[in-house]
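**Student:** There's a structure below that I have some questions on.
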Amino acid sequence: MERPVTHTVLATQDLCIGYASKKGNTLIASEINLAIPQGQLVGLVGINGAGKSTLLRTLAGLQNPLSGNRTLNDTPLSKIEPQTLAKQLSVVLTGQAISKNLSVVELVSLGRQPYTNWLGSLSETDINTITLALQATDTADLKHKKCYELSDGQLQRVLIARALTQDTSVMLLDEPMTHLDLHHKAAVLKLLTQIAHEQKKLVLFSTHDIELAIAHCDQMIVLQDGKAIIDTPKQLIQKGVFDALFPSENVRFDADLGRFVIG
Ligand SMILES: Nc1ncnc2c1ncn2[C@@H]1O[C@H](COP(=O)(O)OP(=O)(O)OP(=O)(O)O)[C@@H](O)[C@H]1O
């Protein structure tokens with residue numbers, strides 16, 4: 011169903027992403043121009059090494075761009091104080107450094123840090139938000155476990171719960187469904203869709219599950235050959251963007267089926 015176009019939350023102008031070192035710059039992708047409105051579920055796809063994590067880290071302000079601009083709610087990202095940014099943007103990254111000695115509920119509570127006073131004491135609102143996030147991610151039963159006791163999939167859901175408690179207008183997630191079984195994959199996808207559509211947030215996640223993104227996302231960003239193409243899944247299929255995503259000897263995209271065929 012078509013929903014009305016609303017306010018742009020996350021935008022880039024001629025963004026070049028990559029890595030700067032003394033030996034020179036390594037350019038990963040350039041001329042990235044995005045203007046993503048609130049209330050959308052956006053999938054970021056591309057082959058291994060295309061630059062999905064690099065783009066997410068750059069959009070999150072964890073990595074500087076080589077050039078170009080990033081704005082969050084019309085303000086340049088570099089001008090937003092860390093405390094304010096933490097109320098506007100949350101991230102779930104792969105290989106995120108966390109203290110695994112914390113219990114699940116302690117880790118999830120950290121998401122409320124931008125809202126708590128200098129004593130770090132939790133208000134009733136904080137506690138309700140934490141309880142809802144644990145329920146939404148099916149991690150309430152794990153809340154007293156130490157994070158080192160969790161499976162990869164359980165930890166993944168706990169990290170999503172922590173991001174949920176931050177209650178931000180933008181959520182960026184790097185491969186949030188990678189370690190999940192089919193049941194939890196469907197549940198997380200449903201949750202992310204609900205956060206985008208009902209809470210009117212922007213949820214941008216990278217995935218290798220392109221078919222799932224095609225079926226569920228409002229828009230997709232395809233990183234390919236150092237460029238980013240953003241459009242609705244339908245338009246991307248019509249433009250033939252997925253046809254050239256993988257070397258054709260092993261995989262081809264069947265536009266009628268809307269999925270990849272091996273062979
Ligand atoms: N710290 C770094 N310094 C230099 N180059 C890097 C660094 N980290 C990643 N790269 C390179 O940047 C490119 C993009 O990597 P990135 O991890 O963003 O890709 P990706 O699309 O997320 O890949 P995958 O699907 O395998 O997770 C790769 O060629 C990688 O080798």
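When you line the sequence shown up against the numbering used here, it's residues 11 to 273, in that order.
Using N, Cα and C, we set each Cβ at its ideal position, and we do this for glycine too.
Rounded to the nearest angstrom, how far is the Cβ of L66 from that of L54, given a contact under 8 Å?
**Tutor:** 7 Å
**Student:** Among the residues of its own chain, which have a CB less than 6 Å from the CB of L169, if the five just before and after it don't count?
**Tutor:** V102
**Student:** Below 8 Å, can you find three or more Cβ-Cβ pairs linking the region 32-43 to the region 195-211?
**Tutor:** no
**Student:** To which residues does DSSP link V53 through a beta bridge?
**Tutor:** Sequence check: residue 53 is Gly here, not Val. Looking at the DSSP assignment, G53 forms a beta bridge with F215 and M230.
**Student:** Give the DSSP-derived three-state secondary structure of F252 in the structure shown.
**Tutor:** Assignment of F252 by DSSP, reduced to helix, strand and coil, places it in the helix class.
**Student:** DSSP has D184 in a bridge; who is on the other side?
**Tutor:** Partner(s): S216.
**Student:** I need the straight-line Cα distance from N74 to T68, nearest angstrom please.
**Tutor:** 6 Å
**Student:** My output table needs one value for A70: the three-state DSSP class, helix, strand or coil.
**Tutor:** The answer is coil: DSSP assigns A70 none of H, G, I, E or B.
**Student:** Are there any heavy atoms of ligand 1 lying less than 7 Å away from the beta-carbon of A60, as far as the coordinates show?
**Tutor:** yes
**Student:** Would you call the CB atoms of K237 and T178 closer than 8 Å?
**Tutor:** no
**Student:** What's the call for T147, buried or exposed, on a 16-neighbour Cβ count within 10 Å?
**Tutor:** buried
**Student:** By the three-class DSSP mapping on this structure, what secondary structure does L103 have?
**Tutor:** coil
**Student:** Less than 8 Å between the CB atoms is what I'm expecting for I239 and V251, so what's the real figure, rounded?
**Tutor:** 6 Å
**Student:** Could you tell me which residues DSSP pairs with S31 in its beta bridges?
**Tutor:** Bridge partners of S31: G34.
**Student:** Could you compute how far the alpha carbon of G61 sits from the alpha carbon of I38?
**Tutor:** 6 Å
**Student:** Can you check which of these residues, A223, D184 and D151, is closest to K200 by C-alpha distance?
**Tutor:** A223
**Student:** Leaving out five residues on either side along the sequence, give the residues of the same chain with a beta carbon under 7 Å from the beta carbon of N260.
**Tutor:** I272
**Student:** Can you tell me the Cβ-Cβ gap for L214 and L192, rounded? I've got them flagged as a contact below 8 Å.
**Tutor:** Not quite, the Cβ-Cβ distance comes to about 23 Å (not below 8 Å), so this is no contact.
**Student:** Considering only residues of the same chain and omitting the five flanking positions on each side of S100, which have a CB-CB separation below 6 Å?
**Tutor:** A173, Q176, T178 and M181
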